[in-house]
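Novice: Residue numbers (the working numbering): 24 to 341.
Cβ coordinates follow ideal geometry from the N, Cα and C atoms, glycine included.
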């Protein structure tokens, strides 16, 4: 009986080892690795970071989630201030800690940083998103750490299982997307950005007729994110880098619905922030007709209006 149990446990161990080995092989030698580098929106960090490193100082660096990716016209800013601009914004899910570490080592005296983090921003962010970026752009490994070995195992296992599932789905469907900026449906892919790092794939896409409400509740807090921004601001002050915060764009309909929560977060921000804030919250609440597909995302007309507001506020702050 004891021998039978030992054999059974050994078989389970072998099956588990084989399963884990298969998952790891598919992850390390994914047949779609090259294709992912070509089309993944996450891979656009390669172009963004290359521009960040190449720009002479003084330069202007924009950092936030997708509200800056969608809603900034960097060319307007560059022409207005006669300084090179890079838009590093991608997705709020990376968290403030990760995003600020992205840029801090490339900043020099005279540079200007504009932070525009969303109201739902977290400090830590989504670990899986960071791991996936690091797979495509290994330097991203320098921008995050694991709390402990348990988190390392858990998060990497989740990413690998998800990757295997997607790979099997792609192998079975044999259908591959071929997104371009010229089409009127695609948004997130590597070449969806322009030379400045702005997302431009949505500019010729038809906007949604109705902007869906935001997913936000009264338990949300920016406390930890503000602490990250404060620490970044103080570090940059010593280096001679100017740092500002600009409110994220937000759809009027959702602001009316979420006003109590948003105003609470604004009070928290104004109370705790040590960095200068450009303008007032209400200046960045936009009519739904100026939004593209969600509360934080502006369309072509909206991004130009928002960018001009930002330019005017930054000029007054100097």
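Where does residue 121 sit, in a helix, a strand or coil, going by DSSP?
Specialist: helix
Novice: Would you mind working out which of 193, 227, 194 sits nearest residue 207, comparing C-alpha positions?
Specialist: 227
Novice: From 120, 97, 111, pick the residue whose C-alpha is nearest to that of residue 89; which is it?
Specialist: 111
Novice: Excluding five sequence neighbours on each side, which residues of the same chain lie with their C-beta closer than 7 angstroms to the C-beta of residue 119?
Specialist: 140, 144, 146, 248, 251, 252
Novice: In terms of residue numbering, what span does the alpha helix (DSSP H) encompassing residue 337 cover?
Specialist: Per DSSP, the unbroken alpha helix (DSSP H) holding residue 337 starts and ends at 323–340.
Novice: Look at the Cβ atom of residue 275, then the Cβ atom of residue 316, and state whether they are nearer than 7 angstroms.
Specialist: no
Novice: Quick check on DSSP: helix, strand or coil for residue 146?
Specialist: coil
Novice: Since residue 135 and residue 81 should fall inside the 8 angstroms C-beta cutoff, what is the C-beta to C-beta distance between them, to a whole number of angstroms?
Specialist: 7 angstroms
Novice: Can you give me the C-alpha to C-alpha distance between residue 268 and residue 73, rounded to a whole angstrom?
Specialist: So the alpha carbons of these two residues sit roughly 24 angstroms apart.
Novice: With DSSP as the reference, identify every bridge partner of residue 223, one or two as the case may be.
Specialist: Paired residue(s): none; residue 223 is not in a bridge.
Novice: Could you please give me the residues that DSSP links to residue 237 through a beta bridge?
Specialist: Residue 237 is not bridged to any residue.
Novice: For the stretch 300–308 against the stretch 219–233, do three or more pairs of beta-carbon atoms, one drawn from each stretch, fall closer than 8 angstroms, so that the two count as touching?
Specialist: Taking 8 angstroms as the limit for Cβ pairs, the verdict is that the stretch 219–233 does not touch the stretch 300–308.
Novice: Identify every run of the beta strand (DSSP E) within the stretch 231–296, keeping only runs that are complete inside it and at least 3 residues long; order them along the chain.
Specialist: 265–269, all fully within the stretch 231–296.
Novice: Return the chain-ordered ranges of every alpha helix (DSSP H) run that is complete within the stretch 144–201 and spans a minimum of 4 residues.
Specialist: 150–159, 172–196
Novice: Skipping 5 residues on each side, what residues in its chain have a beta carbon closer than 7 angstroms to that of residue 103?
Specialist: 334
Novice: Please tell me whether residue 137 and residue 85 are closer than 7 angstroms, where the distance is taken between their beta carbons.
Specialist: Cβ atoms of residue 137 and residue 85: closer than 7 angstroms.
Novice: With H, G and I counted as helix, E and B as strand and the rest as coil, what does DSSP make of residue 212?
Specialist: coil
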